[in-house]
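End of the sequence shown = 187 in my numbering, gap-free, step of one.
I have placed the structure first, in the form of structure tokens, so that the comments after it can refer back to it.
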Amino acid sequence: MKIVLLSLAGFLLGSIPTGKIIAGSMGIDLQKTGSGNIGATNVLRTTGKLPALLTLIGDMAKGSVAVLVARYFEVGPWYEGLTGIMTVLGHNFSLFLNFKGGKGVATGLGVLIVYAPLAGLTTVIVWLLTVLVTRTSSLGAIISFCMLPLSIYLLDAKEKLPISFIMSIIVLIRHKDNIGRLIKGTEPKVGRKA
């Protein structure tokens, strides 16, 4: 019962649409502007740097808080990770947005920073470096999360590998359209206004 409640709480927490709330406070419907995504990248394109930063922090906090709560209840690494994954799924399929949402990158990073700190930090660094070099947020997400299982294997406990594979698969599936645009060379760059 404890695991079920933590999973449901994680999904509910993840469902809070940080970006939509922040953009909405500025009179912008994020789902009808730019890419239609509720994440920090679309907030940056449609509202500016500060709202995007607040969105990034808020979305990461959802993932971190979920894992911290699971850890408080001493459910073990597998169920901590499962709670984190449920939070990412809540962000991606929000209860408050008719099961639509974001791509789970920031929330996933928030999960990792608490769940597997060294691997999480590595994922953040790879994402940032890729974005800085290519100016393409989606490519940063794809590369960093593809490398996540290797980071877990080298820097953390092997028992966390299944969670890392699941998280990587979720992020890749949510980026399938971006992958298509990357192949075609039509993926928007970071900083381009919507």
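All C-beta atoms in this analysis are idealised placements derived from N, C-alpha and C, irrespective of residue type, glycine included.
Given the structure is predicted, the values throughout are model-derived calculations rather than measurements.
- For residue 157, which three-state DSSP category applies? If DSSP states are grouped into helix, strand and coil, residue 157 belongs with the helices.
- Item | Own chain, CB closer than 6 Å to residue 190, minus 5 neighbours either side, in chain order | Since the first and last residues shown for the chain are -6 and 187, residue 190 lies out of range.
- Determine which residues share a DSSP beta bridge with residue 93 and list them. Paired residue(s): 87.
- Task: With a 10 Å radius around its C-beta and 16 neighbouring C-beta atoms as the bar for buried, classify residue 52 as buried or exposed.
- Result: By the neighbour-count criterion, in which a residue is buried when 16 or more other Cβ atoms sit within 10 angstroms of its Cβ, residue 52 is buried.
- Task: List the whole-angstrom C-beta distance separating residue 55 from residue -4, where the pair is believed to meet the contact cut-off of C-beta under 8 Å.
- Result: The Cβ separation is near 19 Å, so there is no contact.
- Query: Which first and last residues belong to the alpha helix (DSSP H) in which residue 54 is found?
  - Reply: Segment 42 to 65, the alpha helix (DSSP H) holding residue 54.
- Item | Completely contained alpha helix (DSSP H) runs for the segment 93 to 124, where each covers 4 or more residues | The alpha helix (DSSP H) runs lying completely inside the segment 93 to 124 and spanning 4 residues or more are 98 to 108, given in chain order.
- When you compare each of 71, 162, 28, 5 to residue 174 by their alpha carbons, which one comes out closest? Scanning 71, 162, 28, 5 for the CA closest to the CA of residue 174 turns up 28.
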